[in-house]
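Visitor: Quick one: the structure is below, questions incoming.
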Amino acid sequence: MILVAAAGSLLSLAFFVYSMYGREPLTELTRPGVGKGDQTEELEVKIADSVYTLEVRLKELPYTEEAAGTLLGEAVAGLEGLFLNGNADMDHIEADVLMPSTYPGTEIAIQWYLSSWEYISPDGTVENEGLEEAETLTLRAELTLEDQQLDWTREVTVCPPSEPDEEQKLEMLAQQIESAQEDGSAETIPLPDSLLGETLTWYPAKDDRWLLIALLTVAALCAMVFGKRQEEEKALAKRERVLQLAYPDIVSRLGLYMGAGISMRNAWERIVESYEQSGAQNEAYEEMRITLREMRSGVAESAAYERFGTRCRLPSYLKLGTLLSQNLRKGTRNLTGLLQEESREAFENRKAYAKKLGEECESKLLLPMLLMLLTVLIMIMYPAVVSFQA
512 MILVAAAGSL LSLAFFVYSM YGREPLTELT RPGVGKGDQT EELEVKIADS
562 VYTLEVRLKE LPYTEEAAGT LLGEAVAGLE GLFLNGNADM DHIEADVLMP
612 STYPGTEIAI QWYLSSWEYI SPDGTVENEG LEEAETLTLR AELTLEDQQL
662 DWTREVTVCP PSEPDEEQKL EMLAQQIESA QEDGSAETIP LPDSLLGETL
712 TWYPAKDDRW LLIALLTVAA LCAMVFGKRQ EEEKALAKRE RVLQLAYPDI
762 VSRLGLYMGA GISMRNAWER IVESYEQSGA QNEAYEEMRI TLREMRSGVA
812 ESAAYERFGT RCRLPSYLKL GTLLSQNLRK GTRNLTGLLQ EESREAFENR
862 KAYAKKLGEE CESKLLLPML LMLLTVLIMI MYPAVVSFQA
């Protein structure tokens, strides 16, 4: 590290001393050679005791008359090959040509002239798709270098594409159809029957409306399936809501009857009979009626209660069915107290569920309330705006 620091310091000191005292005063500057372009030199000038920095632009040396003539001659000799850009010769122009504004590698300016720009565009693109026969054009180029100028003239023959691709063939057909419409009075337009020796057969475009109908059919079927599932889910949610709301009443009545000394089955029958006499429709009591019919048809009472809870699917009904079934099998003590406790818990759950339903209703009413507010604001603001405009 010490050696590197010492070497760097010595080199820096040496170059500093040289930059301060080793410079020779200048009396002239050397201009850049021909073709090297202008250059910029940064110099220091001492005026009295003050030193100033000055940037000087040095222009390149101009071409001599002989050198300019030689360079123009070389450019003229190579201009044909430059223009052809891969085409066979000047009598067979099929692909794009090259028409640059300056000759490559030099400062020679080129100005191009054509007797017609219909088939060759200024950027060199050859537009021969609509050609059926070769077209001969006169091409002229002016080459300029400083004060000297040379002219270059050739005959150029633009030929139809010998092996056109599909895009070129379609462009040729479009050109022919467009040419056929030049007679504005003709009611019909004849379609070409051949192209480059190939027979053409024309048809109307394919009707793709079947694809749209098929997609709409698939979309309709998907929408119907989705709608059916949505309806099933809504019906299931509605059924579960009815079951959940009816559960506290069922448990309370069972506990009340069994507390009065009535057996479990008789209490079940009385609840079902009371429901049938009311003429109402409730999913929970319908399930109780199905359970009573099963018991009357020979199904074991304990199994019927368990099946009742399974059909209802809610945890509270599963718990009730299991509780009643275990009471018959194992003789659970204090069943009435358990039912009363379950009834109190069910009523608390019903309060919480009712509160949740109320919150859902509030959220559903939010959009109609906003629309009503917007309507009221429009009714209030419109007369004021109209009065201001008047």
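For the sequence shown, the positions run 512 to 901 when the working numbering is used.
C-beta atoms are modelled at their ideal positions from N, C-alpha and C, and glycine is treated no differently.
Where does residue 619 fall in DSSP's three states?
Guide: If you number the sequence shown from 1, residue 619 lands on position 108. It is coil, neither helix nor strand.
Visitor: Quick one: what does DSSP say residue 664 is sitting in, helix, strand or coil?
Guide: Translated into positions along the sequence shown, residue 664 becomes position 153. Correct three-state label for residue 664: strand.
Visitor: By DSSP, does residue 824 sit in helix, in strand, or in coil?
Guide: Here residue 824 refers to the residue found at position 313 of the sequence shown. Residue 824: coil per DSSP, three-state reduction.
Visitor: Pick from 705, 685, 591, 739: whose alpha carbon is nearest that of residue 651?
Guide: By 1-based counting over the sequence shown, the position of residue 651 is 140. When only C-alpha atoms are compared, the closest one is 591.
Visitor: Should the region 755-769 be regarded as contacting the region 839-857, the criterion being three or more beta carbon pairs within less than 8 angstroms?
Guide: Short answer: they touch.
Visitor: Quick one: grab the DSSP three-state call for residue 629.
Guide: As a first step, residue 629 is located in the sequence shown; it is residue number 118 there, counting from the start. Three-state result, residue 629: coil.
Visitor: Between the region 717-735 and the region 822-838, do three or more beta carbon pairs fall short of 8 angstroms?
Guide: Contact fails: fewer than three Cβ-Cβ distances are below 8 angstroms.
Visitor: Is it right to say residue 754 is buried, meaning 16 or more other beta carbons lie within 10 angstroms of its own, or is it exposed?
Guide: Counting from one through the sequence shown, the residue named residue 754 turns up at place 243. The residue in question, residue 754, is buried, as its Cβ has 16 or more Cβ neighbours within 10 Å.
Visitor: Between the region 551-563 and the region 591-608, can you find at least three pairs of beta-carbon atoms closer than 8 angstroms?
Guide: No, the region 591-608 is not in contact with the region 551-563.
Visitor: I need the boundaries of the beta strand (DSSP E) containing residue 852, first residue and last residue.
Guide: The sequence position of residue 852 within the sequence shown is 341, counting from 1. That residue, residue 852, is in no beta strand (DSSP E); its alpha helix (DSSP H) goes 846-900.
Visitor: Rounded to whole angstroms, how far is the Cβ of residue 785 from the Cβ of residue 816, which I believe are closer than 8 angstroms?
Guide: Along the sequence shown, one-based indexing puts residue 785 at 274. Along the sequence shown, one-based indexing puts residue 816 at 305. Not really, about 19 angstroms apart at Cβ, beyond 8 angstroms.
Visitor: DSSP three-state label for residue 581, please.
Guide: Here residue 581 refers to the residue found at position 70 of the sequence shown. The answer is helix: DSSP assigns residue 581 an H, G or I state.
Visitor: If we count Cβ pairs, one from each stretch, closer than 8 angstroms, do we get three or more for the region 886-895 versus the region 801-812?
Guide: Touching, no.
Visitor: Starting from residue 614, follow the alpha helix (DSSP H) in both directions and report where the run begins and ends.
Guide: Numbered from 1 along the sequence shown, position 103 holds the residue referred to as residue 614. Careful: residue 614 lies outside any alpha helix (DSSP H) and carries neither H nor E.
Visitor: Touch check for the region 654-661 and the region 616-630: three-plus C-beta pairs under 8 angstroms?
Guide: Yes: the two stretches touch, three or more of their Cβ pairs being nearer than 8 angstroms.
Visitor: Hey, would you say residue 553 sits closer than 8 angstroms to residue 566, going by beta carbons?
Guide: Taking the first residue of the sequence shown as position 1, residue 553 is located at position 42. Taking the first residue of the sequence shown as position 1, residue 566 is located at position 55. In contact: residue 553 and residue 566 (Cβ atoms closer than 8 angstroms).
Visitor: Where do the N-terminal and C-terminal ends of the alpha helix (DSSP H) with residue 716 fall, by residue?
Guide: Here residue 716 refers to the residue found at position 205 of the sequence shown. It is not in any alpha helix (DSSP H) - residue 716 carries neither H nor E in the DSSP assignment.
Visitor: Alpha carbon to alpha carbon, what distance is there between residue 593 and residue 520?
Guide: Position 9 of the sequence shown holds residue 520. Position 82 of the sequence shown holds residue 593. Taking the straight line joining both Cα atoms gives about 57 angstroms.
Visitor: Quick check on residue 752: does DSSP put it in helix, strand or coil?
Guide: As a working mapping, residue 752 is identified with position 241 in the sequence shown. DSSP places residue 752 in helix when its eight states are reduced to three.
Visitor: Looking at residue 636: is its Cβ nearer than 8 angstroms to the Cβ of residue 666?
Guide: Position 125 of the sequence shown holds residue 636. Position 155 of the sequence shown holds residue 666. Their beta carbons are not under 8 angstroms apart, which means residue 636 does not touch residue 666 by this criterion.
Visitor: Taking the beta carbon of residue 721 as the centre, do at least 16 other beta carbons fall within 10 Å, making it buried, or is it exposed?
Guide: Taking the sequence shown and counting its residues from 1, the one referred to as residue 721 is at position 210. Residue 721 comes out exposed.
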